[in-house]
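One structure below.
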Amino acid sequence: MRVTWQEQNEWRSQRRGYSVTCPDLAKAEFVSWEALHSYLDLYQKETFQVLRTRSTKSVAERNMQIKNAQNSSAGVIPDEWEVYAKTIICTHGGKYRCHDKGKRPRQEVRLMGCTTQINACVQGVSEPPVKFAVCVTKTALTHNHKLGLRAYKHYLANRMSVREVGGACGAVSGAVRGEIEPMDLPAPGFEISSPIRARGRPKQKAKVNKAKKSTSISGKG
């Protein structure tokens with residue numbers, strides 16, 4: 136009987152705590168960032184991983200570093216690439232900081248300190264003339280939590296994209312790169328109570344009571 140890598144990792148997890156190592160990437164060179172993104176989309180589906188982009192470095196920033204460095208042998212990256220490097224991590228990467236002062240701490244958190252990480256950058260792959268490509272330079276593919284189809288399907292679609300920095304928070308205006316984590320949204324079907332809405336209701340009720348009181352006073356006169 137052939138044993139899959141998922142079954143092997145499940146047995147290892149039961150013996151030593153959670154330590155799930157995924158297969159290596161089959162490719163390490165891509166013609167564009169979109170080609171890497173498309174490959175990682177398929178890779179995530181096959182391995183039940185959920186990855187997100189933690190940070191990026193622009194081509195302009197990289198070229199400025201090369202320009203300011205003394206005796207640098209690195210070549211300037213063409214501006215049309217726009218993005219020079221990306222750091223892609225597991226959605227459970229990062230450390231959770233508890234702000235709850237209650238007696239019962241939060242039972243489930245998304246940030247679990249998972250160290251899974253993929254680093255990629257634009258490099259010259261042939262010369263002359265120099266041809267550039269997106270190259271995967273480093274991978275660490277061991278997770279400290281369960282991986283499975285049920286958990287994979289649980290995540291919302293905006294959590295499952297490596298195209299934007301920070302996932303759901305990527306569209307926040309003025310967001311500092313690498314400091315704002317994606318919103319920890321509940322599973323579909325759950326409702327979120329708005330504290331702003333809750334504070335607004337008593338004020339509206341107070342206005343109604345005030346209007347009734349003024350009407351009753353004017354009626355007595």
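Take 136 as the starting number for the sequence shown in the working numbering and just add one per residue.
Glycine residues also receive a C-beta, built at the ideal position from the N, C-alpha and C atoms.
Under a 10 Å Cβ-count criterion, Q200 is classified as exposed, with fewer than 16 other Cβ atoms of the shown protein chains found around its own Cβ. In this structure, T272 places its C-beta atom within 7 Å of the C-beta atom of C256. When DSSP states are grouped into helix, strand and coil, S193 belongs to the strand group. Between T182 and V218, the C-beta gap is not smaller than 7 Å, which leaves the two residues out of contact. Under the criterion of beta carbons closer than 8 Å, V260 and E169 do not qualify as touching, at roughly 17 Å. Residue burial annotation: V166 is exposed, with fewer than 16 other C-beta atoms found within 10 angstroms of its C-beta.
Where T272 is concerned, the enclosing beta strand (DSSP E) starts and stops at K266 to A275.
It is roughly 24 Å from the alpha-carbon of T156 to the alpha-carbon of A220. Beta-bridge pairing by DSSP links E164 to C270.
For L282, the three-state secondary structure derived from DSSP is coil. Here the C-alpha atom of N198 lies approximately 7 Å from the C-alpha atom of I212. With a 10 Å radius around the Cβ and a threshold of 16 neighbouring Cβ atoms, V300 comes out buried. Y290: not part of any beta strand (DSSP E); DSSP gives it neither H nor E.
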